[in-house]
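Engineer: Below are the C-alpha cells for one structure; questions will follow.
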Ligand SMILES: Nc1ncnc2c1ncn2[C@@H]1O[C@H](COP(=O)(O)OP(=O)(O)OP(=O)(O)O)[C@@H](O)[C@H]1O
Ligand SMILES: [Mg+2]
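Structure, rendered in C-alpha cells:
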C-alpha cells in the first residue's frame with residue numbers, strides 16, 4: 005500500500021529524510037516510531053501530498069505522490085499532529101462542510117456522517133460547538149473528517165498525544181475498528197510499547213532512515229528480547245539430580261546451565277527457546293524440585309533506546 009524509494013527531504017542544510025526505503029503492506033496497522041526530529045511528520049506529509057520530496061519517490065497503492073498527487077490524495081486520509089477547528093461551527097456542520105468540499109452528495113453525506121460520529125463516539129456531540137470540545141474529542145472529530153472520503157490509507161500523526169489513558173484506550177479501540185474495515189493505517193508516536201501493543205507492524209525511524217521495519221514479532225526477535233532462561237528450585241537438587249538435569253538441559257537446549265547459587269540456574273542464549281517446554285517436561289519427569297521457570301523480556305522502551313542510541317550523541 006505504501007512504498008518509499010530512496011525518499012529524501014532536505015530543508016536547507018538540514019536533512020529530514022535520508023534515502024528512506026520503506027514498504028507497508030495493505031491492511032497493516034503500522035506504527036511509525038522515532039525520536040523528535042526523526043522525520044516521521046515529514047514522511048507522512050509527503051505521503052499525504054502536502055510537501056514534495058527533494059528526491060526519490062513514494063507510492064500509495066501504486067500511485068506516485070510526486071507524479072500524480074491529485075490521484076494519490078484521494079486515497080489518503082490524513083490527520084496532522086496539530087490542527088485547528090473553526091469557531092462557531094457545530095460538530096455536524098464541521099463534517100458537513102468537509103463532506104461538501106469532497107463532493108459527497110447529500111444523502112450519502114448524511115449516512116456517512118452518522119456512521120462516522122458513531123465510530124468516533126461523538127454521536128451525542130452532534131449539536132455541540134467544535135471549539136467547545138475537549139482535546140480528545142477534537143482529535144476524534146478530526147479522525148472522522150479524515151475518514152469522510154473513505155480513504156484506503158489513513159495517516160495519523162501522533163493521534164494519542166495529550167490524551168489521558170481512557171481516551172488513549174478509546175482511540176486504540178477506534179483504530180482497531182478502522183483497521184478491521186480493511187484500511188491500511190499508519191500511525192506515529194514516540195512511545196514504542198504503546199504502538200507495539202496495538203500495531204501489527206512497526207518502523208523505527210532515526211535521522212531520516214528506517215532502523216527497523218517489520219512485524220512486531222520480528223522486532224522482538226531481532227532485538228534479542230529473548231533472554232537467558234532462569235530456573236529456580238525450591239530446594240537445591242542433590243548431586244545425582246543436578247547431573248541428570250544438566251545433561252537434559254545440554255541435550256535439549258544445547259547449552260550447559262550456569263549455577264552460581266545451587267537453587268538458581270541460568271541457561272544462557274535463547275536460540276532454542278522453542279524447546280523450553282520440552283525441557284520443563286523432562287525436568288518434571290525427573291521430579292526436579294522446580295518452582296520457577298522463565299525468561300525475562302527486555303522492555304520495548306529499552307529496545308527503542310538501544311535502536312536510537314546514537315541520537316543523544318548527535319545532540320550537542
Ligand atoms: N518546515 C520545516 N522547515 C525546516 N525544517 C523542518 C521543517 N519541517 C521539519 N523540519 C526538520 O526536519 C527534521 C524532521 O522533522 P519531522 O517533523 O519530520 O520529525 P518528527 O519525527 O515528526 O519529530 P517529532 O517527533 O518531534 O514530531 C527535523 O530536523 C526538523 O527540524
Ligand atoms: Mg512529528
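In the numbering used here, the protein residues as written are 5 to 320. Idealized CB from N, CA, C, for every residue including glycine.
#1: Can you tell me whether residue 264 is helix, strand or coil according to DSSP?
#2: Please list, in chain order, all residues of the same chain as residue 25 whose beta carbon is under 8 Å from its beta carbon, the five residues on each side excluded.
#3: Please determine whether the Cβ atom of residue 44 lies at a distance below 7 Å from any heavy atom of ligand 2.
#4: Are any of the Cβ atoms in chain D nearer than 8 Å to that of residue 128?
#5: What is the C-beta distance between residue 88 and residue 191, in whole angstroms, given that I count them as a contact (C-beta under 8 Å)?
#6: Can you list, in chain order, the residues of its chain with a C-beta nearer than 8 Å to that of residue 272? Leave out the 5 residues immediately preceding and following it.
#7: Any heavy atom of ligand 2 inside 7 Å of the beta-carbon of residue 85?
#8: Kindly examine ligand 1 and report whether one of its heavy atoms sits closer than 7 Å to the Cβ of residue 194.
#9: Please classify residue 161: is it buried, with 16 or more other beta-carbons within 10 angstroms of its beta-carbon, or exposed?
#10: Can you tell me whether residue 375 is buried or exposed, with buried defined as 16 or more other CB within 10 angstroms of its CB?
#11: Please go through the segment 197-260 and give each complete beta strand (DSSP E) segment of 3 or more residues, from N-terminal end onward.
#12: Is any heavy atom in ligand 1 found nearer than 7 Å to the beta carbon of residue 22?
#13: Spatial neighbours of residue 115 within its chain, please: C-beta separation below 8 Å, excluding the five flanking residues on both sides.
#14: Measuring only the C-alpha atoms, how far is residue 294 from residue 308?
#15: In angstroms, rounded to a whole number, what distance separates the CA positions of residue 175 and residue 290?
Structural biologist: For this structure:
#1: Strand.
#2: Take residue 25, set aside five residues on each side of it, and the residues of its chain with a beta-carbon closer than 8 Å to its own are 8, 9, 10, 11 and 214, in chain order.
#3: Result yes, Cβ under 7 Å from ligand 2.
#4: You won't find chain D in this structure, because it holds only one protein chain.
#5: Their Cβ separation, rounded to whole angstroms, is 21 Å, which puts residue 88 and residue 191 out of contact at 8 Å.
#6: Excluding positions up to five away in sequence, the list reads 232, 259 and 262.
#7: Between ligand 2 and residue 85, a heavy atom-to-CB distance of less than 7 Å is present.
#8: Because some heavy atom of ligand 1 lies under 7 Å away, the Cβ of residue 194 counts as near it: yes.
#9: With 16 or more other Cβ atoms within 10 Å, it is buried.
#10: Because the chain spans 5 through 320 in this model, residue 375 falls outside it and cannot be assessed.
#11: The segment 197-260 contains these whole beta strand (DSSP E) runs: 205-210, 213-219 and 230-237.
#12: Residue 22 Cβ: outside cutoff for every heavy atom of ligand 1.
#13: Nothing listed; no residue qualifies.
#14: So the two alpha carbons sit approximately 34 Å from each other.
#15: In a straight line, the C-alpha of residue 175 is about 50 Å away from that of residue 290.
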